[in-house]
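The next block holds one structure in the form of structure tokens; read it before the comments.
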Amino acid sequence: MEMDKKALFNIACGLYVIATSLPDGNAGCVINTVMQVTETPLRVVVAVNRGNATADALKRAGRFTLSALDETTHFDTIKHFGFQSSRDVDKFANPPLRISFCDGLPRLAEQASAILTCEVCNITDLGTHILVLADIVGAEVASGRATLTYDYYQKHVKPKPASAPREKTVWRCEICGFEIETDELPPDYICPLCGHGIDAFVKVEAQPAVANIQLQCSTQAQNNAQCVVDSVDTLAQSVQITATQPQTAPRANQGEETMTKSLKGTKTEANLQSAFAGESQARNKYTYYASQAKKDGFEQIAEIFLETAENEKEHAKLWFKCLHDNKIPTTAENLLDAAQGENYEWTDMYATFAKEAREEGFDHIAKLFEMVGAIEKTHEDRYRKLLSNVEGQLVFSKNGDAIWQCRNCGHIVIGKQAPAVCPVCAHPQAYFQVKAENY
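So, in structure tokens, the structure goes:
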């Protein structure tokens, strides 16, 4: 059966701020699923994203308030309670509207049509969300205005783009590198690649025109008015590194152990490649585990995952160096290898993966393969441009005047070449880069 998720937008729902309090702080967020389920006793059910800090706080506190937003709600209120985490900030310490407390629980003192105070009866884990069944122990009409619905929010509260014609803006997900060209992102937009919300996106502004400054973007990216920043590729990239490394025979290297026997074609070479891939995958995986441990409230376990990840990183480095004459290749070699690896990913690997996924009926996964493949092409273009700069000695020297900035102290120098030493902080030329505004 066809599944069009846009149909779900037609399910009428309101918008609410659910809030609770613990000795170590307050927590709250915007939700859209609240329903009265019984009359005697008066009970409601609410659904909260399981990964939210508020979900954890509800489990511990056992009580909460519900502020039903009304149609006077400002977008700043939605942004404040919906676009940041209670793990990072006390949303009730400096809010954009008045807050009150009743029996120690925070609630909205304006922009709310009604307020309920509830005590938790039961919590059911539904996977992505928790379903909270609660007794209503207090209820009052606040503003009495019409309750804000999701439809009203989309039509009247959400900021609208300016009517004056202008070029499209590019938004980039800082998590995975996915880009979308649009004037604005809706507040409920989810990255189709990595699943992160709008807070993971940054606006890619047009670069200011400065004579002879060569931005390190691919020709294709310039044509598309895009300058792609680096992103952390996940498992597929760590596997691909192994598959695309040049298999050169080890040679003697001053200061390192001399290997007189070639590894090429041996079982040991294959084992080293497998060990490198395994350690690289484990390193990435443990960082994901650490993030989840933090969300689950286990700071110590998160730190252990991260510590182990660093160990695995060093293990992987050992095997990588064994495959490369007991050293890391030069930057020029690495840029070429990286470009070749990215080329393989977008021209062959992901194209094949997408085709096979679609043949097996996994259309969603096929689309993800294709979108990641498109990102890998921009990675290849960027690496080849950087390699061209290295080979042409254009990293620290340009044909015309450029604005150079010290990455350590921020000192600015205008000229054809970056200084050998920063006159302010005495850091070497390696710390200088061409200055380009991206905000």
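In this text, residue positions in the sequence shown follow the numbering used here: the first is 1311, and each later residue adds one.
Glycine residues also receive a C-beta, built at the ideal position from the N, C-alpha and C atoms.
Under the three-state DSSP convention, the category residue 1287 falls into: The shown model of the chain, from 1311 to 1749, leaves out residue 1287, and the question about it has no answer.
Beta-carbon proximity list for residue 1434, same chain, < 6 Å, skipping 5 on both sides: Within the same chain, Cβ atoms closer than 6 Å to the Cβ of residue 1434 are found at 1441, the five residues on either side in sequence being excluded.
Pair within 8 Å by beta-carbon distance, residue 1451 and residue 1429: With respect to residue 1429, residue 1451 sits apart: the two C-beta atoms are not nearer than 8 Å.
Outcome for residue 1709 when other beta-carbon atoms lying within 10 angstroms are tallied against a minimum of 16: exposed
Straight-line Cα distance separating residue 1675 from residue 1668: 8 Å
Candidates 1398, 1399, 1417, of which the one nearest residue 1407 by Cα: Looking at the Cα atoms, 1417 is the closest of the given residues.
Assumed close pair residue 1632, residue 1582 - CB separation to whole angstroms, cut-off 8 Å: 5 Å
Residue 1512 to residue 1505 span [Cα, whole Å]: 15 Å
Rounded separation between residue 1360 and residue 1628 - CA only: 39 Å
Residue 1313 - DSSP class collapsed to helix/strand/coil: coil
Uninterrupted beta strand (DSSP E) stretches inside the region 1665-1721 (no shorter than 3 residues): 1707-1716
Beta bridge counterpart(s) of residue 1513 as assigned by DSSP: 1481
Whether residue 1479 touches residue 1423 by CB criterion (8 Å): In this structure, residue 1479 keeps its C-beta atom at 8 Å or more from the C-beta atom of residue 1423.
Beta-bridge partners of residue 1638, as assigned by DSSP: Residue 1638 is not bridged to any residue.
Under the three-state DSSP convention, the category residue 1402 falls into: coil
Among 1595, 1605, 1642, nearest to residue 1620 - alpha-carbon criterion: 1595
Touch test, the region 1684-1691 against the region 1651-1664, Cβ-Cβ under 8 Å, three pairs minimum: Because the criterion of three Cβ pairs below 8 Å is met, the region 1684-1691 and the region 1651-1664 touch.
Status (buried if at least 16 other CB within 10 Å, exposed otherwise) for residue 1321: exposed
Coil, strand or helix - residue 1393 by DSSP: coil
For residue 1581, the first and last residue of its enclosing alpha helix (DSSP H): Here the alpha helix (DSSP H) through residue 1581 covers 1577-1605.
From 1618, 1439, 1713, residue whose alpha carbon lies closest to that of residue 1342: 1439
Check whether residue 1426 and residue 1375 have beta carbons under 8 Å apart: Closer than 8 Å, so yes.
The alpha helix (DSSP H) enclosing residue 1610, as first and last residue numbers: 1609-1632
Cβ separation of residue 1328 and residue 1347, assumed to be a contact under 8 Å, to the nearest whole Å: Not a contact, Cβ separation roughly 16 Å.
DSSP state of residue 1321 mapped onto helix, strand, coil: coil
For residue 1549, three-class secondary structure by DSSP: Caution applies to residue 1549, whose pLDDT of 28 falls short of 50 and renders its modelled position unreliable; the model cannot decide the point.
Coarse secondary structure for residue 1738, derived from DSSP in three states: strand
Cut-off 7 Å between Cβ atoms - residues of its own chain near residue 1335, not counting five sequence neighbours on either side: 1400
Cβ neighbour criterion (16 or more within 10 Å) applied to residue 1286: The displayed coordinates of the chain run from 1311 to 1749. Any statement about residue 1286 would go beyond what the structure contains.
Inter-residue CB distance, residue 1510 and residue 1484 (contact presumed, cutoff 8 Å): Correct: roughly 6 Å between the Cβ atoms.
Inter-residue Cα distance where the pair is residue 1680 and residue 1574: 33 Å
Burial state of residue 1735, where buried means 16 or more other Cβ atoms lie within 10 Å: exposed
Exposure of residue 1482, with buried meaning 16 or more beta-carbon neighbours within 10 Å: Its Cβ being crowded by 16 or more others within 10 Å, residue 1482 is buried.
Alpha-carbon to alpha-carbon, residue 1729 and residue 1697: 22 Å
Unbroken alpha helix (DSSP H) run spanning residue 1353, endpoints: Annotation for residue 1353: no alpha helix (DSSP H) segment contains it, though the beta strand (DSSP E) segment containing it runs 1353-1359.
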